[in-house]
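I have placed the structure first, in the form of structure tokens, so that the comments after it can refer back to it.
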Ligand code: ADP
Ligand code: ASP
Ligand code: MG
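Residue numbers (this note's numbering): 623 to 1084.
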């Protein structure tokens, strides 16, 4: 079971998480994965930026905030006689963070591996507090640092798990805690978000990565199920912050959930589903604020009916357009070169379209990856650009992506017509469209200013 930031956000919320854990662990072995308390990761990252800028006063203020938030949690979570020891433990962990922040300040830069080691302190704090609370309430538990369990490559800030070594580490560290009768077991409270390389350098799995941590561990331990506790009733037909009448989807497939996550639905980290597919481990997305509600079940396949299941959207994207300027270079070759450059740059393409006979084409990338994409493209195609075989690369950042997702769209005629009519009623211009032949997702690029309205129009239509 994984508890997200809001579900760990206060003493009261951690009590609920502990109770939900105890209910299940009375029936079968449970491993818990926790996020940092809500907003703590942002605070830690901000502190490191302040340190890099040499801003001691702001850094100190952040450290004080961090400390007070967790001390307050100790007071609300533990009997008085245990609070002293708990607060000392909290201060020790915060001192570890402060030591790294001090190093960052001296260097005037933030080395990625130090950032990863430092930000994991948020999860180490929340895991520590939840384990202490459970112990104090007579529910045997132990905090585990995922750096001792999840093995990853060395891509700091966005690491990928190495499953075989993770399996071996999980068998050694977690399995012994799960064996025996219920009263002999101790619930491991594992930090989400972090891991370490084979030579034990600290890494993290990307923002929102605790979902991914949980699915990695579920796969490594051959879990029967994965439950992801969050702050909404499940996976919804639209982002509830945008679409007021979004409804909870009782069941969706791995493929649909992955499409939603990759296209901006924050409710799941995009890479969560991948480790589960091979073993077909089902996932529940549930609300820790309303645990009695059924939530969403994510399965290998479901009977989907016809039409889309959900709509999601993404901002902070950029549309890059390229076009050959002369017949000396074929559009196909140009595409091959451009895609190769993007692969070299390790830039993810969110959508790709080409339609004209002149083979102009465009693709969508994250704004955070735009500069790297442009640099690699311009370097790789420098000769073609200089000699005028290729028109200057055009970039449009005033756009947003909408993804309409559903297995039931496959082979259902008339959907595209309804979709585009719904958008055009609001005078919103469609800039690019992409639909793969799997017909699982229709991706639409629109002006940023029309994005929210288009999402609501599509949701209303279907
Ligand atoms: P956690 O801290 O539990 O991981 P997140 O904030 O990362 O929670 O994700 C849950 C949030 O995702 C919800 O509060 C909701 O605002 C947002 N969200 C976006 N799209 C969807 C969707 N399609 N279904 C449900 N929630 C969504
Ligand atoms: N605490 C991390 C973050 O905020 C990971 C997570 O909550 O999933 O990105
Ligand atoms: Mg999340």
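Built from N, CA and C at the ideal position, the CB exists for glycine as well. The model shown is predicted, which means the values in this text are computed figures rather than measured ones.
{"Asked": "Hey, is residue 853 close to the ligand ASP, as in C-beta under 7 Å from one of its heavy atoms?", "Found": "no"}
{"Asked": "Would you check if the distance between the CB atom of residue 835 and the CB atom of residue 880 is smaller than 8 Å?", "Found": "no"}
{"Asked": "Is the stretch 702-722 close to the stretch 632-644, with three or more CB pairs under 8 Å?", "Found": "no"}
{"Asked": "Under the criterion of a Cβ to heavy atom distance below 7 Å, does residue 664 qualify as lining the ligand MG?", "Found": "no"}
{"Asked": "Closer than 7 Å to a non-hydrogen atom of the ligand MG - does that hold for the CB of residue 706?", "Found": "no"}
{"Asked": "Would DSSP call residue 976 helix, strand or coil?", "Found": "strand"}
{"Asked": "Short check: CB of residue 1037 to CB of residue 1067, under 8 Å?", "Found": "no"}
{"Asked": "List, from N- to C-terminal side, the beta strand (DSSP E) runs of 3 residues or more that fit wholly inside the stretch 867-901.", "Found": "873-875"}
{"Asked": "Tell me which residues share the same chain as residue 981 and place their Cβ nearer than 6 Å to its Cβ, disregarding the 5 neighbours each side in the sequence.", "Found": "953"}
{"Asked": "Note down, in chain order, each residue of its chain lying with its Cβ closer than 7 Å to the Cβ of residue 883, except the 5 sequence neighbours on either side.", "Found": "890, 891, 892, 894"}
{"Asked": "Can you determine whether any heavy atom of the ligand MG sits closer than 7 Å to the C-beta of residue 672, and answer yes or no?", "Found": "no"}
{"Asked": "Determine which residues share a DSSP beta bridge with residue 1057 and list them.", "Found": "1064"}
{"Asked": "Taking only the alpha-carbon atoms, compute the straight-line gap between residue 663 and residue 740 and give it to the nearest angstrom.", "Found": "10 Å"}
{"Asked": "Going by the C-beta, is residue 631 closer than 7 Å to any heavy atom of the ligand ASP?", "Found": "no"}
{"Asked": "Can you tell which of 675, 771, 780 has the C-alpha that lies nearest to the C-alpha of residue 969?", "Found": "780"}
{"Asked": "Using DSSP with H/G/I as helix, E/B as strand and the rest coil, what is residue 784?", "Found": "coil"}
{"Asked": "Between the C-alpha atoms of residue 1048 and residue 1078, what's the straight-line distance to the nearest angstrom?", "Found": "10 Å"}
{"Asked": "Need the endpoints of the beta strand (DSSP E) that residue 919 sits in, please.", "Found": "918-921"}
{"Asked": "What three-state label does DSSP hand residue 640 in the structure shown?", "Found": "helix"}
{"Asked": "How long is the line joining the alpha carbons of residue 930 and residue 1081, rounded to whole angstroms?", "Found": "9 Å"}
{"Asked": "Across the stretch 975-991 and the stretch 938-953, are there enough close Cβ pairs to call them in contact, namely three or more that are closer than 8 Å?", "Found": "yes"}
{"Asked": "So what's residue 838 in DSSP terms, helix, strand or just coil?", "Found": "helix"}
{"Asked": "Counting pairs of Cβ atoms below 8 Å between the stretch 715-722 and the stretch 734-751, do you hit three or more?", "Found": "yes"}
{"Asked": "Within 10 angstroms of the Cβ of residue 907, are there 16 or more other Cβ atoms? Answer buried if so, exposed if not.", "Found": "buried"}
{"Asked": "Using CA coordinates, which residue listed in 753, 831, 841, 844 is at the minimum distance from residue 810?", "Found": "753"}
{"Asked": "Measuring only the C-alpha atoms, how far is residue 920 from residue 899?", "Found": "11 Å"}
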